[in-house]
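S.K.:
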Amino acid sequence: MSGADLITLSLLIPVLGAVGIAAASKFGPNVRESATMITAGLLAWTVWSLVPEVMQGGRPSLMVSQIAPGIEIAFKVEPLGMLFAALASSLWIVNSIYSIGYMRGNNEKHQTRFYIFFAVSLAAAIGIAFADNLFTLFLFYEILTLSTYPLVSHKGDEKTIRSARVYLGILLTTSIGLLLPAIIWVHVTAGTGTFAPGGILEGKISGPAVGLLLGLFVFGVGKAAVMPVHRWLPAAMVAPTPVSALLHAVAVVKAGVFTVTKVIIYIFGIEFLFAEPSSSWLVFAAAFTIITASVVALRQQNLKRLLAYSTVAQLSYVVMATAILKPLSEIGAAVHIVAHAFGKITLFFAAGAIYTAAKKTELHQLKGIARRMPWTMAAFTVGALSMIGVPPTAGFVSKWYILAGAFQADNYVAIAAIIASTALNAAYFLPIVYMAWFLKEDTPPAKEHGEAPFAAVLALTITAFLTLAFFFFNGPVLKLEGQLVQGLS
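In my numbering, the protein residues as written are 4 to 492.
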């Protein structure tokens, strides 16, 4: 099967799967969820079938249509997009397993609608990952925003709808008001929006205009959650936990930092941006977001809100690593997309399992809960240690490369931000781990409980294992993403 065929299937499978899920729902939840798992498995197999060719330097492509001169819907698989697509498609399988346990355990309504829009969201994520130009990326970026709105507003109560509108409003306002003008500016200036190694803007724009255009992209990509464009992320915590996992680990925020990274590498070009002083503000903006969000997380008492602000901080690790503009930090940015995905999805799975089994959401309620839910809290502990960057977890690997790149560039702002945020991460995660394992419950629960449903525990155990395994078996990712920086100094 050719690369173009595999790209086509990768885009069609989740869409056809959504139709199949709707049809299967007439035969009961078991058939519907089987359709979900089959779709997720087929997508992962198709996406991963592209990996060997890309690892060997191939760039499979697909031209769909020309909308106007220079504006096309087209796809090409390069290393960064390959990583994002492989990650999203693989985690969809685990998230689907978890969703079965969570949605049934909490007797959630509208489960068919949930699985349908989840599939559409994955189709949008794959479109973003494989986009060959800014127009295609923007098209699927907007589809991802619109398809996740029903998921965020899933519960349907007044508070949820209000928060979901904040989510939708911020993401649409930033993309239409900032990202779209940036894309038009690039087309007018460079005559194209096609992604190209080394960028397409050198010699066509210079001076303060470079910094301004970079700002339009960074803040226009609201999904990257660089402050002050971050409020949508805490607002979206009203969604069910599998949706939070989708937002934080599988697709949405990863689409944000992926887009920022891809624009810097393939539109601006690393060497071009490094030579432009007007682009240096991005490191400071990312560092500010990392520290501020970490401080806000430290003050939270609700577990999911704490994890939301932790995500805001962790996303800017990727942005800052990319903005350092050195080979090691660019690899670190790509690796952190994977490390954060494994660790954060584990943390959200654990938070959802705690809610499902014990109906606990606040930090002070977690005293001694590890005695009743040892598997869940062991997984939470692994995820927390990865967020801090403690070996042997995935987070250590990515922080190592980001710090190495910062030292390579003598960027002491980035170095200080990483050290300070690591201390802050430890300050808000370790007390949770301590109270869960070593303190006694204030009062016994009114109803005895153990672990969450098996499917949920199985999923969080898998992602915790992946968080540990990536520390030891990260070579293929490093080799793949090393292609991003070949020839850079």
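Glycine included, each C-beta is placed from N, C-alpha and C at the ideal position.
GLU365 bridges to which residues according to DSSP?
M.R.: For the purposes of this step, residue 365 is identified with residue 362 of the sequence shown, where counting begins at 1. Note: GLU365 sits in a beta bridge opposite ASN305.
S.K.: Look at the alpha carbon of GLY490 and the alpha carbon of GLU81, and state the distance between them as a whole number of angstroms.
M.R.: Position 487 of the sequence shown, counted from the first residue, corresponds to residue 490. Position 78 of the sequence shown, counted from the first residue, corresponds to residue 81. At GLY490 the pLDDT is 46, less than 50, meaning the model places this residue with poor confidence; the figure from the coordinates comes in the next sentence. Cα-Cα distance, rounded: 16 Å.
S.K.: Would you kindly work out how many angstroms separate the C-alpha atoms of SER332 and GLY20, rounded to a whole number?
M.R.: In the sequence shown, residue 332 corresponds to position 329, counting from 1. In the sequence shown, residue 20 corresponds to position 17, counting from 1. SER332 and GLY20: Cα-Cα distance of roughly 38 Å.
S.K.: Would you kindly check if the distance between the Cβ of VAL97 and the Cβ of THR466 is under 8 Å?
M.R.: Position 463 of the sequence shown, counted from the first residue, corresponds to residue 466. Position 94 of the sequence shown, counted from the first residue, corresponds to residue 97. Taking 8 Å as the Cβ cut-off, THR466 and VAL97 qualify as a contacting pair.
S.K.: Can you have a look at LEU494 and say buried or exposed, based on whether 16 or more other CB atoms are within 10 angstroms of its CB?
M.R.: Since the first residue shown for the chain is 4 and the last is 492, residue 494 is missing from the structure and cannot be characterised.
S.K.: Just the C-alpha distance for LEU236 and LEU137, rounded to the nearest angstrom, thanks.
M.R.: Reading the sequence shown from its first residue, position 233 is the one you call residue 236. Reading the sequence shown from its first residue, position 134 is the one you call residue 137. If I take the Cα positions, the gap works out to 24 Å.
S.K.: Using the Cβ count rule (16 or more neighbours within 10 Å means buried), how would you classify GLN304?
M.R.: In the sequence shown, counting from the first residue as 1, residue 304 sits at position 301. With fewer than 16 other Cβ atoms within 10 Å, it is exposed.
S.K.: Whose CA, out of LYS112, THR192 and VAL416, lies closest to the CA of TRP284?
M.R.: For this step, residue 284 is matched to residue 281 along the sequence shown. Of the candidates LYS112, THR192 and VAL416, the one whose C-alpha sits nearest the C-alpha of TRP284 is VAL416.
S.K.: Relative to the alpha-carbon of VAL315, which residue among LYS329, ALA373, ASN428 and GLN368 has its alpha-carbon at the smallest distance?
M.R.: Looking up residue 315 in the sequence shown gives position 312. The shortest C-alpha separation from VAL315 is found at ASN428.
S.K.: For the candidate residues VAL488, ARG374, ILE24 and VAL18, whose alpha-carbon lies nearest to that of TYR269?
M.R.: Within the sequence shown, numbered from 1, the residue matching residue 269 stands at position 266. Answer by Cα proximity: VAL488.
S.K.: Mind pulling the beta strand (DSSP E) runs of 3 or more residues that sit fully within the segment 202-290?
M.R.: The segment 202-290 contains no whole beta strand (DSSP E) run of 3 or more residues.
S.K.: How long is the line joining the alpha carbons of VAL155 and SER102, rounded to whole angstroms?
M.R.: If you number the sequence shown from 1, residue 155 lands on position 152. If you number the sequence shown from 1, residue 102 lands on position 99. Their backbone Cα atoms lie some 15 Å apart in a straight line.
S.K.: What number of angstroms, rounded off, separates the C-alpha of LEU45 from the C-alpha of GLN69?
M.R.: Residue 45 sits at position 42 when you count from the first residue of the sequence shown. Residue 69 sits at position 66 when you count from the first residue of the sequence shown. Going from the Cα of LEU45 to the Cα of GLN69 covers about 29 Å.
S.K.: As a quick exercise: from ALA337, GLU111 and HIS339, pick the residue whose alpha carbon is nearest that of ALA242.
M.R.: Looking up residue 242 in the sequence shown gives position 239. The shortest C-alpha separation from ALA242 is found at GLU111.
S.K.: Going by Cα to Cα distance, which pick from VAL221, VAL298, ILE293 and LEU306 is closest to VAL266?
M.R.: Translated into the one-based positions of the sequence shown, residue 266 becomes position 263. Of the candidates VAL221, VAL298, ILE293 and LEU306, the one whose C-alpha sits nearest the C-alpha of VAL266 is VAL221.
S.K.: Which of the three DSSP states is assigned to GLN59 in this structure?
M.R.: Your numbering for residue 59 matches position 56 in the sequence shown. Here GLN59 sits in coil by DSSP.
S.K.: Let me confirm a value: MET4 is counted as buried when at least 16 other C-beta atoms fall within 10 Å, else exposed. Which label applies?
M.R.: For the purposes of this step, residue 4 is taken as residue 1 along the sequence shown, with counting starting at 1. Label assigned to MET4: exposed.
S.K.: Taking 8 Å as the threshold, find out whether the segment 254-262 comes into contact with the segment 202-214 through three or more Cβ pairs.
M.R.: With the cut-off at 8 Å, the segment 254-262 and the segment 202-214 do not touch.
S.K.: Could you check where the alpha helix (DSSP H) with ALA26 kicks off and where it finishes?
M.R.: Residue numbering aside, residue 26 sits at position 23 when the sequence shown is read from its first letter. Looking at the DSSP string, the run of the alpha helix (DSSP H) that includes ALA26 is 6-27.
S.K.: Are the beta-carbon atoms of TRP493 and THR244 separated by less than 8 Å?
M.R.: A query on residue 493 cannot be resolved here, the shown segment of the chain reaching from 4 to 492 and no further.
S.K.: Is it a yes or a no for the segment 357-368 touching the segment 394-406, going by three-plus beta-carbon pairs under 8 Å?
M.R.: Short answer: they don't touch.
S.K.: Quick check: the segment 167-179 against the segment 137-150, are at least 3 beta-carbon pairs closer than 8 Å?
M.R.: Contact between the segment 137-150 and the segment 167-179 is present, because at least three Cβ pairs lie under 8 Å.
S.K.: Assign MET376 to one of three DSSP states: helix, strand, or coil.
M.R.: Indexing the sequence shown from 1 puts residue 376 at position 373. MET376 falls in the coil class under three-state DSSP.
S.K.: What do you get for MET66, buried or exposed, if any count of 16 or more other CB atoms within 10 angstroms of its CB means buried?
M.R.: Residue 66 sits at position 63 when you count from the first residue of the sequence shown. Looking at its Cβ environment, which holds fewer than 16 other Cβ atoms inside 10 Å, MET66 is exposed.
S.K.: Whether or not the segment 113-131 and the segment 9-27 are in contact is what I'm after, with contact meaning three or more pairs of Cβ atoms, one per stretch, closer than 8 Å; do they touch?
M.R.: Yes, the segment 9-27 touches the segment 113-131.
S.K.: DSSP state of VAL393, grouped into three classes?
M.R.: Residue mapping note: residue 393 aligns to position 390 of the sequence shown, counting from 1. Of the three classes helix, strand and coil, the one that applies to VAL393 here is coil, per DSSP.
S.K.: Is the beta carbon of ALA324 less than 8 Å from the beta carbon of HIS339?
M.R.: As a working mapping, residue 324 is identified with position 321 in the sequence shown. As a working mapping, residue 339 is identified with position 336 in the sequence shown. In contact: ALA324 and HIS339 (Cβ atoms closer than 8 Å).
S.K.: First and last residue of the beta strand (DSSP E) that includes GLU451?
M.R.: Within the sequence shown, residue 451 is the residue found at index 448, counting from 1. No beta strand (DSSP E) contains GLU451, which DSSP labels as neither H nor E.
S.K.: Hey, how far is the Cα of ALA212 from the Cα of SER281?
M.R.: As a first step, residue 212 must be located in the sequence shown, where it is residue number 209. As a first step, residue 281 must be located in the sequence shown, where it is residue number 278. Those two C-alpha atoms are separated by around 8 Å.
S.K.: Do ALA26 and THR115 come within 8 Å of each other at the CB atom, strictly closer than that value?
M.R.: Residue 115 sits at position 112 when you count from the first residue of the sequence shown. Residue 26 sits at position 23 when you count from the first residue of the sequence shown. Contact flag unset, no.
S.K.: So, are the CB atoms of PRO63 and ILE10 less than 8 Å apart?
M.R.: To locate residue 63, count along the sequence shown from 1; it is residue 60. To locate residue 10, count along the sequence shown from 1; it is residue 7. Cβ distance < 8 Å, so PRO63 and ILE10 count as in contact.
S.K.: Measure the Cβ-Cβ separation of LEU350 and VAL57 and say whether it is below 8 Å.
M.R.: Taking the sequence shown and counting its residues from 1, the one referred to as residue 350 is at position 347. Taking the sequence shown and counting its residues from 1, the one referred to as residue 57 is at position 54. No; because the gap between Cβ atoms is not below 8 Å, this pair is not in contact.
S.K.: How far does the beta strand (DSSP E) with ALA71 in it extend, from its first residue to its last?
M.R.: By one-based count along the sequence shown, residue 71 stands at place 68. Start and end: 64-71.
S.K.: Would you mind sorting GLU279 into buried or exposed? The rule is 16 or more other CB atoms within 10 Å of its CB.
M.R.: Position 276 of the sequence shown holds residue 279. The residue in question, GLU279, is buried, as its Cβ has 16 or more Cβ neighbours within 10 Å.
S.K.: Mind checking whether ALA288 and VAL229 have CB atoms under 8 Å apart?
M.R.: In the sequence shown, the residue the question calls residue 288 occupies position 285. In the sequence shown, the residue the question calls residue 229 occupies position 226. Contact: yes.
S.K.: Can you tell me whether DSSP reads THR349 as helix, strand or coil?
M.R.: By one-based count along the sequence shown, residue 349 stands at place 346. DSSP places THR349 in helix when its eight states are reduced to three.
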